[in-house]
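Visitor: Chains as they are written, first to last, in the numbering used here: chain Z, 1 to 331; chain X, 332 to 830. Attaching a single structure in structure tokens format; questions to follow.
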């Protein structure tokens, strides 16, 4: 009899758990849990300075991850974003230096980086849609090309800015938050609206869900896919400006290295499926912050930086396993 | 007494609290062909998925040869229960014998593949099935009927005891159906038991020994097919008197709305010319592969034409993409529902507005407008769904088809091309589709009606074009439209000579 009441109680809990929409709130719950554990594990974690630092650190790859969400929803992938960051950072600083480093020059540099990013993304998109080469292959190729171009152009050195006000952009604060964090949040809001409330967003999901059906439904699938790569290129441009302004330079050999992994990881942890068709910008934002907190905690707890990659890898694999479990659980 | 091969006791299945199958007590005897009929959503698919281990029962038991069996996919396979799904499960990049032995390859020493033996065995299988399919042919290159043969060969390669066939004839031509039935009789003679699910009552009558009727998840009856007429079956399926009637034909006007002149696509279509009149239902008959779908796809700009002109409402138009087609008010209902018609992962609303999203976008997408419109269609077409937010994969075939129809209609077409609009849907839904088309032509919309069901073509169309091997073999009008005249044009031989 007691056994029966217990199983009844258990099934009640299972029932309640089942009612929570894990598909939707899973990443958010994971973030809360991680936040709670971190707050207990380290007294420094909850300090405002530490928290804003985490946000700033994730903003560079976080911004790229927002664009990456679109690409992945459409059924593609972009591996070239890391190398592209270095190349676009270089372009930004060259434009800045060439125009004297004043306020006008900064505007021109930002504009140039975003435009060049859109163009670089356009190249990816063109090859993928026009000649139908797999996105993985194309962006693996351009990953190598972009890195090689910045290495060649800078003679494998650090590209330094001569501007004294450029760092304001990446270092500055606005109402308590670093400027890059504001940009990430604003972009996230804008992208969220695009994904859920515009035709382009709907078409992205349709193309990723079943490209043939989308084509028969009179959706211009080629353009939808092309633009997703242009957009991710644009976000890389923004990120490259923020990164280069924070350091007032960009290292051609290592700037942006493994950014593609962090960006893709944030998207996946945020619940967007790698097979495309649906996804969430808020999820990606949460995914990026989860990665940031994990890194931060490992630092605070004095774990060797060489081991941090292992933990990050486990988090990524774990996130995918949990999601797959959720989807199976429905049947 | 001999045990039945399968016996179910109080079998029931629920999905998230909704009972889709209730208290089924059925017996399937060894060596019989057991038909299951019912409308979409009656529980046929759920029943067979319980038998082949895809689902586990919520309540009730399944006995296999008298012993209770807890069936999983693997256990069902061991017991020789195989299913030939509606959508085939073949890997198109591999060839025939590789597919047949997929996962159960013959091996030589060092675990290397024994290709000669697999090819040999495949040849034997194909011979015993009297199917002309080469063991080394690529799946891609096969016709639908041939693919089905491969599925059957795959099932019989591993000593199938119970073969479950879900709507096997929907994609077959009459001649291919004859071949399939021959094959089923031979399998039966070898002692294989077959469960046969179909919407085509005539075929059930012809091939099955007994037939079980399901309605709304409930068991209605099981009878010998000898004692049951087609009419009885139809009545039991829908639970009331049903007659298969087509709406009265309307008289089209003389005005030409669409004219196609010498349209060609290399290797697929040659010199296709025809005219469509306002308010007409123009039938396109022919065998599978005659080029009817390809013609429709070329008209709406999915395929590139190599020559020819398309004139819409008196103006020559270059239609390069489906969005051009929509601009010139041409809608297409695709033949392959899952492959080209609907997004199974999208919900009802977003599927319906997929092609007409522009109408609901004022700056941003106005969800409220979308949902209002979707609700109108759900009511008008009697689409059975738990909510507008239900994913299409959770709807039955007939309801999916209605969503697909709504999607095409929402582009406000003047010309509507239907490609096999009743494929795989039940009588009730079929009738609704016919009435729907009839209403469209009454509203002055002109329709092209592609169908492999001669009965439908004859019942619906005032004029029929018959296609054969990418050309128009002939045109029939009024009283000249009949089974025999169509088949004669479709095959290029007279009915007598074909047999």
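No residue lacks a Cβ here, since even glycine has one placed at the ideal position from N, Cα and C. Owing to the predicted nature of the structure, the values given are computational and were not obtained by experimental measurement.
Would residue 278(X) and residue 621(X) be called neighbours here (beta carbons separated by less than 8 angstroms)?
Guide: Residue 278(X) is absent from the model: chain X starts at 332 and stops at 830.
Visitor: Using a Cβ-Cβ cutoff of 7 angstroms, what residues of the stretch 107 to 139 of chain Z are near chain X? List them in chain order.
Guide: So the list is empty, because no residue satisfies the distance condition.
Visitor: Starting from the beta carbon of residue 198(Z), find every residue of chain X whose beta carbon is closer than 7 angstroms, and list them in chain order.
Guide: Here residue 198(Z) refers to the residue found at position 198 of the first chain. Neighbours of residue 198(Z) on chain X, chain order: 695 and 696.
Visitor: Whose C-beta lies closer than 7 angstroms to the C-beta of residue 691(X) among residues of the same chain, with five residues either side of it excluded?
Guide: Counting from one through the second chain, the residue named residue 691(X) turns up at place 360. The residues are 684, 697, 700 and 701.
Visitor: Ignore the nearest five residues each way along the sequence and tell me which others in residue 332(Z)'s own chain have a CB closer than 6 angstroms to its CB.
Guide: Any question about residue 332(Z) goes unanswered here, given that chain Z covers just 1 to 331.
Visitor: Any idea what DSSP makes of residue 497(X), helix, strand or coil?
Guide: The residue given as residue 497(X) occupies position 166 in the second chain. Three-state DSSP puts residue 497(X) in a strand.
Visitor: With distance defined between alpha-carbon atoms, name the residue in 704(X), 734(X) and 535(X) nearest to residue 563(X).
Guide: Numbered from 1 along the second chain, position 232 holds the residue referred to as residue 563(X). When each option's Cα is compared against that of residue 563(X), the closest is 535(X).
Visitor: At a Cβ cut of 8 angstroms, what residues of the stretch 210 to 234 of chain Z count as close to chain X, listed as they run along the chain?
Guide: Within the stretch 210 to 234 of chain Z, the residues whose Cβ lies closer than 8 angstroms to some Cβ of chain X are 210, 212, 213, 214, 215, 216, 217, 218, 219 and 220, listed in chain order.
Visitor: Whole beta strand (DSSP E) runs in the stretch 133 to 182 of chain Z with 3 or more residues, listed along the chain?
Guide: The qualifying runs are 158 to 160.
Visitor: Can you list, in chain order, the residues of its chain with a C-beta nearer than 8 angstroms to that of residue 426(X)? Leave out the 5 residues immediately preceding and following it.
Guide: Here residue 426(X) corresponds to residue number 95 of the second chain, with the count starting at 1. 466, 467, 468, 469 and 470.
Visitor: Check whether chain Z comes within 8 angstroms of residue 657(X), counting only Cβ atoms and requiring the distance to be less than that.
Guide: Counted from its first residue, the second chain places residue 657(X) at position 326. Closer than 8 angstroms to some Cβ of chain Z, the Cβ of residue 657(X) qualifies, so yes.
Visitor: At a CB-CB cut-off below 9 angstroms, which residues of chain X make contact with residue 89(Z)?
Guide: Counting from one through the first chain, the residue named residue 89(Z) turns up at place 89. By Cβ distance, chain X contributes nothing, its closest Cβ being about 34 angstroms from residue 89(Z), past 9 angstroms.
Visitor: Tell me whether residue 395(X) is buried or exposed, calling it buried when 16 or more other Cβ atoms sit within 10 Å of its Cβ.
Guide: Taking the second chain and counting its residues from 1, one reaches residue 395(X) at position 64. Buried, because 16 or more other Cβ atoms sit within 10 Å of the Cβ of residue 395(X).
Visitor: Which residue comes first and which comes last in the beta strand (DSSP E) that contains residue 518(X)?
Guide: Counting from 1 along the second chain, the entry for residue 518(X) is found at position 187. Where residue 518(X) is concerned, there is no enclosing beta strand (DSSP E), although the alpha helix (DSSP H) it sits in stretches over 505 to 520.
Visitor: Hey, how far is the Cα of residue 225(Z) from the Cα of residue 411(X)?
Guide: Stepping through the first chain from its first residue, residue 225(Z) is reached at position 225. Stepping through the second chain from its first residue, residue 411(X) is reached at position 80. Residue 225(Z) and residue 411(X): Cα-Cα distance of roughly 45 angstroms.
Visitor: Among 762(X), 769(X), 375(X) and 522(X), which one has its Cα closest to the Cα of residue 551(X)?
Guide: For the purposes of this step, residue 551(X) is taken as the residue at position 220 of the second chain. The option with the nearest alpha carbon to residue 551(X) is 375(X).
Visitor: For residue 731(X), decide whether its Cβ has a neighbour in chain Z, counting only Cβ atoms nearer than 8 angstroms.
Guide: Within the second chain, the letter at position 400 stands for residue 731(X). With 8 angstroms as the cut-off, residue 731(X) does not count as an interface residue toward chain Z.
Visitor: Could you compute how far the alpha carbon of residue 190(Z) sits from the alpha carbon of residue 196(Z)?
Guide: The residue you call residue 190(Z) lines up with position 190 of the first chain. The residue you call residue 196(Z) lines up with position 196 of the first chain. Distance between the alpha carbons of residue 190(Z) and residue 196(Z): 10 angstroms.
Visitor: Going by the beta-carbon positions, is the gap between residue 777(X) and residue 611(X) smaller than 8 angstroms?
Guide: Against the second chain, residue 777(X) aligns to sequence position 446. Against the second chain, residue 611(X) aligns to sequence position 280. Result yes, Cβ atoms of residue 777(X) and residue 611(X) sit closer than 8 angstroms.
Visitor: Helix, strand or coil for residue 56(Z) per DSSP?
Guide: Indexing the first chain from 1 puts residue 56(Z) at position 56. Of the three classes helix, strand and coil, the one that applies to residue 56(Z) here is helix, per DSSP.
Visitor: Using a Cβ-Cβ distance cut-off of 8 angstroms, determine whether residue 736(X) contacts chain A.
Guide: Checking the listed chains, one finds no chain A in this structure; the protein chains it contains are Z and X.
Visitor: What is the residue span of the alpha helix (DSSP H) that residue 259(Z) lies within?
Guide: The residue labelled residue 259(Z) in the question sits at position 259 within the first chain. Where residue 259(Z) is concerned, the enclosing alpha helix (DSSP H) stretches over 259 to 269.
Visitor: If you draw a straight line from the alpha carbon of residue 704(X) to that of residue 812(X), how long is it in whole angstroms?
Guide: Along the second chain, read from residue 1 onward, the residue named residue 704(X) stands at position 373. Along the second chain, read from residue 1 onward, the residue named residue 812(X) stands at position 481. Roughly 39 angstroms separates the two Cα atoms.
Visitor: At 7 angstroms on the CB atoms, spell out the chain Z contacts of residue 692(X), in chain order.
Guide: Here residue 692(X) refers to the residue found at position 361 of the second chain. Residues of chain Z passing the Cβ test: 199.
Visitor: Classify residue 539(X) as helix, strand or coil using the three-state DSSP reduction.
Guide: By one-based count along the second chain, residue 539(X) stands at place 208. Coil.
Visitor: With 8 angstroms as the C-beta to C-beta threshold (strictly closer), list the residues of the stretch 277 to 289 of chain Z near chain X in chain order.
Guide: Residues 277 and 278.
Visitor: What residue from 40(Z), 135(Z) and 65(Z) has the CA that sits closest to residue 184(Z)'s CA?
Guide: The residue labelled residue 184(Z) in the question sits at position 184 within the first chain. Among 40(Z), 135(Z) and 65(Z), the Cα nearest to that of residue 184(Z) is on 65(Z).
Visitor: How many whole angstroms separate the CB atoms of residue 319(Z) and residue 269(Z), which I take to be in contact at a CB cut-off of 8 angstroms?
Guide: Locating residue 319(Z) in the first chain gives position 319, where the first residue counts as 1. Locating residue 269(Z) in the first chain gives position 269, where the first residue counts as 1. Indeed they touch by this definition, with Cβ atoms about 4 angstroms apart.
Visitor: What did DSSP end up calling residue 197(Z) once you bin it into helix, strand or coil?
Guide: Taking the first residue of the first chain as position 1, residue 197(Z) is located at position 197. Residue 197(Z): helix per DSSP, three-state reduction.
Visitor: Exposed or buried, which one is residue 342(X) when buried takes at least 16 other CB atoms within 10 Å?
Guide: On the second chain, position 11 is the one that residue 342(X) refers to. Residue 342(X) is buried by the Cβ-count criterion.
Visitor: Specify the secondary structure class of residue 663(X) as computed by DSSP and reduced to three states.
Guide: In the second chain, counting from the first residue as 1, residue 663(X) sits at position 332. Strand at residue 663(X).
Visitor: If I follow the unbroken beta strand (DSSP E) through residue 353(X), where does it start and stop?
Guide: In the second chain, the residue the question calls residue 353(X) occupies position 22. Unbroken beta strand (DSSP E) run through residue 353(X): 349 to 355.
Visitor: Against residue 686(X), what residues of chain Z qualify as contacts under a CB-to-CB distance less than 7 angstroms, listed in chain order?
Guide: By one-based count along the second chain, residue 686(X) stands at place 355. Chain Z residues near residue 686(X): 217 and 218.
Visitor: Tell me which residue opens and which closes the alpha helix (DSSP H) that residue 600(X) is part of.
Guide: Here residue 600(X) refers to the residue found at position 269 of the second chain. Residue 600(X) -> not in any alpha helix (DSSP H); beta strand (DSSP E) instead, spanning 600 to 608.
Visitor: In chain X, which residues lie with their C-beta within 9 angstroms of the C-beta of residue 206(Z)?
Guide: Reading the first chain from its first residue, position 206 is the one you call residue 206(Z). Near residue 206(Z) (Cβ distances below 9 angstroms), the residues of chain X are 674, 677, 681 and 685.
Visitor: Entirely within the stretch 694 to 767 of chain X and at least 3 residues each: give me those beta strand (DSSP E) ranges in chain order.
Guide: Those beta strand (DSSP E) runs which fall completely within the stretch 694 to 767 of chain X and span 3+ residues are 746 to 750.
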